[in-house]
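Residue numbers (our numbering): 29 to 339.
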């Protein structure tokens, strides 16, 4: 099945997206070994800082853990091995910021504004640690002590009511962090593990709620109705590992969410999260990737959409 998108999203991404976001689109479309991808890859490599990291979106004068681990993923996907100069330098910088307890926060040199509640420069960040672990796993570091210390830290940070919080020390589960971590741990420890079982139960509740919101075309926050956005629909319950585990378009709940995602696509071709007024290239690419994961958009169809603008 291929989703019938209301508008073509590719021009918006190519015109507005930074190199890392465009490469993510090309990667999902299976086009990372093309002339266009090489152009964007060179742009991304030119941004690497002397310390091995990649500039933070919060302050380009400092490297960001988030931007660096996502760059590592793309470089590996593009065929640069873990021992190449660029990847090994980025991995070395990331590993140097691991906390003594095993977790990761953002670069402590960064100032995190108070309104950004999903990141911290000193307190361990669960979802960020999960992303780092995925990059380390992809780089073949999953037999290293740093990887297993990070995994142990992550496992032990689940909430008392299951699910995972955003930050270490919190006990309120966060939907998208929990989705990401639950299926990461599921692939390692299996479905019978106690924390994984609890995470799956929490995921089921989040998925059912998101599907209900998708069907009624709104959600509520403290009794106030809000229109749907891509974060509330997709980022909370869509995950490549979840789709591989069977949470795909065969699940009616995900089919309902896909219908709503297509319905809220904006005229410029993009999608936006609730905290932005305009469409966002990152979340637009995330949505396209999510549609591929669950089987709503064929990868070759996405590739054809991109090829129309790259010849």
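For each residue, glycine too, the CB sits at the ideal point set by N, CA and C.
- In the DSSP assignment, the residues bridged to residue 308 are 299.
- In the three-state scheme derived from DSSP, where H, G and I count as helix and E and B as strand, residue 111 is classed as coil.
- About 14 Å separates the Cβ atoms of residue 88 and residue 71, ruling out a contact at the 8 Å cut-off.
- Counting the other Cβ atoms within 10 Å of the Cβ of residue 321 gives 16 or more, which makes it buried.
- In this structure, residue 293 and residue 33 form a Cβ contact; the two beta carbons are roughly 6 Å apart against a cut-off of 8 Å.
- A direct Cα-Cα distance of roughly 33 Å separates residue 300 from residue 79.
- Unbroken alpha helix (DSSP H) runs of no fewer than 4 residues, entirely contained in the stretch 113 to 145, are found at 113 to 124, following chain order.
- Under the DSSP definition of a beta bridge, residue 91 partners with 83.
- In the displayed model, residue 213 falls within a helix according to three-state DSSP.
- Taking C-beta atoms as the reference points, residue 212 and residue 138 fail to come closer than 9 Å.
- Secondary structure note for residue 55: its alpha helix (DSSP H) is the uninterrupted segment 47 to 56.
- When DSSP states are grouped into helix, strand and coil, residue 41 belongs to the helix group.
- Scanning its chain for C-beta atoms nearer than 8 Å, with the 5 sequence neighbours on each side dropped, one finds around residue 331 the residues 57, 58 and 59, in chain order.
- The way I'd put it, the stretch 141 to 151 doesn't touch the stretch 103 to 113; fewer than three beta-carbon pairs between them come closer than 8 Å.
- Assignment of beta-bridge partners to residue 255 by DSSP yields 246.
- Under the three-state reduction of DSSP, residue 179 is assigned to helix.
- Rounded to whole angstroms, the Cβ separation of residue 191 and residue 206 is 4 Å, and the two are in contact under 8 Å.
- In the structure shown, residue 325 adopts coil according to DSSP, grouped into three states.
- In terms of Cα proximity to residue 77, the closest of 270, 306, 93 and 224 is 93.
- Counting of Cβ neighbours within 10 angstroms places residue 249 among the exposed residues, the total staying below 16.
- Under DSSP, residue 153 takes part in a beta bridge, and its partners are 195.
- Nearest to residue 169 by alpha-carbon distance, out of 218, 143, 51 and 104, is 104.
- Distance between residue 233 and residue 266, taken at the CA atoms: about 14 Å.
- Counting along the chain, the unbroken alpha helix (DSSP H) around residue 270 starts and ends at 268 to 272.
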